[in-house]
Every structure is written in structure tokens, then in C-alpha cells.
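Working notes for the structure below.
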Amino acid sequence: MLSILVYRSRLSRPLAQDELSNLVDKAAKRNQENGVSGILLFDGEHFFQYIEGPDKALKATYEHIRSDPLHHHVVTLLSDYAPSARFSNWAMQLIDARDHSSSIVEPISAGLTTPLPSHDRALKLIKAFASGRWKDHTTDFVTQNWQFETRASGFETLAEPINSILPCQFALQPIVDPLRYTISSVEALIRSATGGPPYTCFENLPAAEHHLFDLESKRNALELASRLNIGDCKLSINLLPMSLVSIPNAVDQLLANIEKFGLTPQQVIVEVTEEEAISHFDHFELALKKLRSVGISVAIDDFGAGFAGLSLLAKFQPEKLKIDRLLVTDIHQDGPKQAIVKAIVECCKSLGITTIAEGIETPEEWLWLQAAGVELFQGFLFAKPLINGIPAVSWPILTK
Ligand SMILES: Cc1cc2nc3c(=O)[nH]c(=O)nc-3n(C[C@H](O)[C@H](O)[C@H](O)COP(=O)(O)O)c2cc1C
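Under the numbering used here, the first residue of the sequence shown is numbered 1, with each subsequent residue one higher.
Right, here's the structure in full:
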């Protein structure tokens, strides 16, 4: 099977012309041996390469290219299959994009063995690179300039779990603004009585009791927040929309517990997953009205994991939107994820919605998303959830 791959990258140090010619000669020789062909566009600062070849050989070539320290911020833009090679006469052809910014089609068509239709995605990407249209500031960050320093959260930790009749407890995980060194809110994540993952809390319950348990368990989360003296820090809790609709006076019950534990509705955020909001939209809308009427704000959780996020946003705009970890993982290397997240951030900016990225595990993911305009972050990079307590946070410090 013939695979094609397109990536762009950024030069990591100044490069002499003969060094570049040398690199291309070596690349061409190796590609020829491996049955790989393609083109390399260069604009003085960035590379853009189209390579094609047998699946295995192409993967190995890409790994080799990625490991070259001459460039960094290597972002995969397209990984696909094609019926035949397009540039089989060119093991590797260097084209200076600056000489062809008005029309890149001419120099590349000289090497084409199969013509590219104008709607071809690779061709569109090539044209976008040559015109400079793709450029953005998100590759300006330098990971090495940041160090992480762990500081206690400043909140108390419980020595003993909350004594409750409900067989569950909560782990708290901060959602942070890393550049202001502030904890925006803490999310209460449900755990079983023995610390097991969320599904173990529900697996032995009859389905008819899920919603009641879902709602009542939040009492423990609120009591925990109160016992930890969270002050005016916000608390995020997860709720199924159906729990707020099917249980009579659910919102009143929630409100009563918020007050009982000395919190205010304004500091509570109810997170509802995109999937639940869409699949039970009528229930969700009703629940929403009730929550908003008492001053509780709403966040859409796992945005981008489902199938209908944008149509949901057209109907309802939450205060906060959490970008799903599926879109976050390795975003600094993934062109399609970058394009989607940029569009989400842009859309949220226009609608006045705060964006949160969840599942951040590496400095690269955080720095890319921060540069793209995401406001708040949650993930192991900053803090892991802590059962019955608020963990210390690992804050980024700029060293250069
Ligand atoms: C922008 C760029 C494009 C590259 N393209 C290819 C390529 O198409 N095929 C290949 O085998 N290596 C490619 N390389 C890797 C270099 O050809 C080569 O491995 C590197 O200069 C080190 O050479 P050496 O390992 O033989 O010393 C590329 C490297 C860079 C920075």
C-alpha cells in the first residue's frame, strides 16, 4: 500500500546553504534506496515536506526525519493513502517557497508523475504553505525555557475520609491558570469507598438508582470542599442532566447542601458531558434553566469527544467549555487537532466562553494550547487528583 505524509517543522538553528544541499542529497539517496519520493519546501525558517512510499518505509523515514535536531515543532498535517506515487521521479526535491509564493504549482508540477486534481488536500496544503497563510505564533514557545516547581496548594487535607452512608468518596484536582499561579477551581472526581475508579461506584447499583446516587453523592463532595476550607475557590461537580430532571426538587436539594456546607451557588460549577447534553437535550435544557436560575454555572465537559459539539454550542452557550483529552494529547505534533482546537478557541472567544484544556500531561501540550489562547488547564502536568484533599500544584517558572 502506498502511503503519503505531509508535515511542517521549524528550523532550530541558522542553516548554511551548503548544509541544506548536503541534507537534501543525503535524504534523496536514502529515499531512493527505500522507494520513497517527495518534495521539501523551505521558506528560510520553516520546512514543509511531502513524502510518499510503501507504508513501512515511509513510517521509518518519518521517524528518522523527526529525530533530526536541525528542526523542531514537527507537526503532522496529513497521513493518508494514495493509489500511486505522485513524485516518483523525485527522491527528494528542494523547492525554495520564497521564490514561488504566487504560484507553487509550476515548480511542483515539473516533478509530478500523476497530475494532482485542484481539490487534492496535499496540493491545498502545499499552496497554503507557499503563500505563508498557515503561519501562526504557536511554534514560538521553547519548552527548555520552563521549569516546574511544586508548591503546596495552601488548603487543608483531611486525615480521615468523610463519614457517610454513601459508599463513595472524592478526589480533588485543581484547574489552574498556570501563568497567574492561581487555582481557578477544583474538580471533585468520584471514587469508590476503596478509592476505585468512577464506574465501580455504579456497577453494583440497580440502573433505577443511578440518578439518585449521582445527585446524593454530591453531598459528600460539597462536605469535603467545606471541610477543606476551600474559601472562595470554585468547586466543579459532575452531574448527569437526567439526575437533575428525574429527581423531584433535585436542584433544591443541591442548593440546600451547598448552603448547609457554607458554600455559595456562585462558586459551584456543574459539569455535563457533551454526549449527555446532546443525547438528552430536552432534559439538559430544563436542568440548565433550573441551575442558572439559582446562580450555579455550567460547563460542557469532554468537548470534542462526541459527535455534535458544535450544534450543541449553537443551542446553548455554557460559561465554560472543557476541551477533551482526545484533542489535547500530543496536540503540538498534530495538524488536524491544532486546526480543530484553534477553531473551538476562536468560537469560544466570540461567545465569551472560558476554555479549559483537560488531560494535560506534557509541557509541550500546555505551551501549545496556552499560545493558542486556551485560558485554564487541568492535568497530571500540574496536579494529580488527591483523594480527600487538594494536591500540591506544579507551577511553571520561566527561566530565560
Ligand atoms: C527538513 C528535513 C527533511 C529531511 N528529509 C529526509 C528524507 O526525506 N529522507 C531521509 O531519509 N532523511 C531526511 N532527513 C534527515 C537527513 O537527511 C539526515 O538524516 C540528517 O541530515 C543526518 O544525516 P546522517 O544521519 O546521515 O548523519 C531530513 C531532515 C530534515 C531536517
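We put the beta carbon where it would ideally sit given N, CA and C, even for glycine.
Values in this document were obtained by computation on a predicted structure and should not be read as measured data.
The nearest non-hydrogen atom of ligand 1 is 8 Å or more from the C-beta of residue 204. The C-alpha of residue 367 is placed about 31 Å away from the C-alpha of residue 296.
Annotated as proximal: residue 190 and residue 169, with beta-carbon spacing under 9 Å. Within the same chain, Cβ atoms closer than 6 Å to the Cβ of residue 150 are found at 392, 394, the five residues on either side in sequence being excluded. By the criterion of a C-beta distance shorter than 8 Å, residue 145 is surrounded in its chain by 398, 399, 400, once the five residues flanking it on both sides are discounted. In this structure the segment 234-241 touches the segment 272-282; the number of beta carbon pairs closer than 8 Å is three or more. Sequence-distant partners of residue 166 (beyond 5 residues in either direction) whose C-beta falls short of 8 Å from its own C-beta, in its chain, are 213, 216, 217, 219, 220. Sixteen is the threshold: when 16 or more other Cβ atoms of the shown chains lie within 10 Å of the Cβ of residue 332, as they do, the residue is buried. Between residue 36 and residue 125, the beta carbon gap of about 18 Å keeps them out of contact (Cβ cut-off 8 Å).
The residue from 284, 45, 88, 242 with its alpha-carbon nearest to that of residue 12 is 45.
When secondary structure is reduced to three states using DSSP, residue 164 falls in the coil class, being assigned neither helix nor strand. By a beta-carbon distance limit of 8 Å, residue 131 does not contact residue 71. Their separation comes to about 21 Å. In the DSSP assignment, residue 221 falls within the alpha helix (DSSP H) that extends over 210-227.
Minimum Cα-Cα distance from residue 34 among the listed residues 384, 88, 337, 15 corresponds to 88. Residue 243: member of the alpha helix (DSSP H) spanning 241-246, first to last residue. From the listed residues 85, 293, 344, 375, the smallest Cα separation to residue 4 is found for 85. Every residue with a CB closer than 7 Å to a heavy atom of ligand 1 is listed here in chain order: 9, 23, 26, 27, 30, 31, 36, 38, 40, 47, 49, 51, 61, 64, 65, 68, 70, 71, 92. With respect to residue 223, residue 300 sits apart: the two C-beta atoms are not nearer than 9 Å.
A Cβ-Cβ distance of about 26 Å is found for the pair residue 267 and residue 315, leaving them out of contact under the 8 Å criterion. Scanning 182, 294, 81 for the CA closest to the CA of residue 265 turns up 294. When secondary structure is reduced to three states using DSSP, residue 337 falls in the helix class. Secondary structure note for residue 396: its beta strand (DSSP E) is the uninterrupted segment 393-398. Residue 251 carries a helical assignment under DSSP once its states are collapsed to helix, strand and coil. Taking 3 residues as the shortest admissible run, the segment 56-116 contains the following complete beta strand (DSSP E) segments, listed from N- to C-terminal end: 71-82, 93-96. Here residue 198 carries a coil assignment [DSSP, helix/strand/coil]. Of the other Cβ atoms in all chains shown, 16 or more fall within 10 Å of the Cβ of residue 176; this residue is therefore buried.
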